[in-house]
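Q: First the structure, which I've put down as structure tokens, then a few questions once you've had a look.
Here it is, written out as structure tokens:
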């Protein structure tokens, strides 16, 4: 896994934004609530869809993320907004290098053609 991946836990995400945007303690509390709400919505969506319609899941995930970003943006000062724009650009670049919703069980298991035995013999 890449070390540039965005943290998944709410507290780690709040800490990252607090550092990057110099959030006040009050802003950090609100951001944490926004992230907790989003995380609950995403988990409910995953539970409901199980292994169902991945395209619909992607659309829903994108909507939740957009709502989350819009809510955070409303809290920011002009100075923080500049740092926010930079953060979003960096996040978008990282996401373009990675799948939008990685599998919960890690990378797919596979192997070289022919299986694990050298030469593909069994």
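Residue numbers (this note's numbering): 1 to 122.
Ideal Cβ positions, reconstructed from N, Cα and C, are used throughout, including at glycine.
Every value quoted in this text rests on a predicted model; they were computed, and no experiment measured them.
Quick one: measure Cβ to Cβ for residue 41 and residue 64, integer angstroms, because I've assumed they're closer than 8 Å.
A: Position 41 of the chain shown, counted from the start, is the residue given in the question as residue 41. Position 64 of the chain shown, counted from the start, is the residue given in the question as residue 64. The pair is a contact, with the Cβ atoms about 5 Å apart (cut-off 8 Å).
Q: Between the beta-carbon of residue 34 and the beta-carbon of residue 79, is there less than 7 Å?
A: Walking along the chain shown from the start, residue 34 turns up at place 34. Walking along the chain shown from the start, residue 79 turns up at place 79. Their beta carbons are not under 7 Å apart, which means residue 34 does not touch residue 79 by this criterion.
Q: Between residue 20 and residue 75, what straight-line distance do the alpha-carbon atoms span, to the nearest angstrom?
A: Here residue 20 is taken as the residue at index 20 of the chain shown, counted from 1. Here residue 75 is taken as the residue at index 75 of the chain shown, counted from 1. Looking at the two C-alpha atoms, the distance is approximately 14 Å.
Q: How is residue 22 classed by DSSP in three states: helix, strand or coil?
A: The sequence position of residue 22 within the chain shown is 22, counting from 1. Residue 22 falls in the coil class under three-state DSSP.
Q: Straight-line CA distance for residue 124 to residue 81?
A: Absent from the structure is residue 124, since the part of the chain shown begins at 1 and ends at 122.
Q: Along the alpha helix (DSSP H) that carries residue 71, what are the first and last residues, could you check?
A: For the purposes of this step, residue 71 is taken as the residue at position 71 of the chain shown. Its alpha helix (DSSP H) spans residues 54 to 73.
Q: So, with DSSP's three-state summary, where would you put residue 9?
A: Counting from 1 along the chain shown, the entry for residue 9 is found at position 9. Collapsing the DSSP output to three states places residue 9 in coil.
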